[in-house]
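First residue of the sequence shown: 5, per our numbering; consecutive thereafter. Where is the CB? At the ideal position from N, CA and C, for every residue including glycine. No experiment lies behind these values; they were computed from the predicted model shown. What follows is a single structure, written as structure tokens, with notes after it.
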Amino acid sequence: METVYIKTPLGIASIAGDENGISEISVLDEGTVSTAIPNVLQEAVSQLNDYFEGKRTHFDFKLNPKGTEFQQKVWGALLEIPYGKTRTYLEQSKVLGDVKAIRAVASANGKNPLWIVVPCHRVIGTDGSLTGYAGGLWRKKWLLEHENPTTQQSLF
């Protein structure tokens with residue numbers, strides 16, 4: 005397993021993986037940026053940098069997250085939320101086929117090991133509020149604004 009640390013607008017991102025794919029991406033408040041990028045992590049680093057520069061709206065490097073069958077199912081459904089869009093936890097539960105599983109879905113979202121790439125930040129409260137985000141609500145807000153910037157409307 006290789007790990008690299010890169011600077012992002014939201015902190016230091018830790019990216020871990022091997023030839024089977026990226027298994028974990030998380031954000032740290034502080035840390036030391038890596039001076040070298042292992043070959044197996046170069047594509048993930050490149051695509052994340054493109055995302056933060058506004059040049060990428062989806063990721064296509066190989067993923068290999070570790071989790072239960074249910075967590076894998078929830079994370080797969082997160083990948084279906086389009087860039088710049090959001091879903092509520094209730095909508096996400098409906099997509100997964102069980103509205104009563106809303107708490108379990110929220111819990112699995114919270115255990116998502118692939119920050120940004122598996123976009124759990126796109127899931128919001130039923131009332132539109134920004135609820136629950138392991139990286140901090142300020143990061144969730146930043147990511148949603150990054151993906152859906154408001155454009156200044158002309159008055160004339």
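(request) Work out the CA separation of L45 and R143 for me, nearest whole Å. (result) 23 Å
(request) Measure the alpha-carbon distance for E34 versus I16 and round it to whole angstroms. (result) 6 Å
(message) Once the 5 residues before and after H62 are set aside, which same chain residues still bring their CB inside 7 Å of it?
(response) Y87
(request) Provide the residue(s) that pair with E95 in DSSP beta bridges, ordered along the chain. (result) In the DSSP output, where bridge partners are listed per residue, E95 has none listed.
(request) Just the C-alpha distance for L82 and T130, rounded to the nearest angstrom, thanks. (result) 16 Å
(message) Nearer than 7 Å: is that true of the beta carbon of E151 relative to any heavy atom of the ligand MG?
(response) Within the structure as shown, the ligand MG is missing, as the structure has no ligands at all.
(request) Put V8 into one of helix, strand or coil per three-state DSSP. (result) strand
(request) Please report how far the alpha carbon of I128 lies from the alpha carbon of Y93, in whole angstroms. (result) 6 Å
(message) By the three-class DSSP mapping on this structure, what secondary structure does I120 have?
(response) coil
(message) Taking only three categories from DSSP, how would you classify E28?
(response) strand
(message) I need the DSSP call for S18, collapsed to helix, strand or coil.
(response) strand
(request) State the DSSP-derived secondary structure class of L52, mapped to helix, strand or coil. (result) helix
(message) Let me check one thing: in DSSP terms, what residues is I128 bridge-paired to?
(response) T92
(request) Would you identify the three-state DSSP class for L45, choosing helix, strand or coil? (result) helix
(message) Could you check whether the stretch 99-111 touches the stretch 50-67, counting it as contact only if at least three pairs of C-beta atoms, one from each stretch, sit closer than 8 Å?
(response) no
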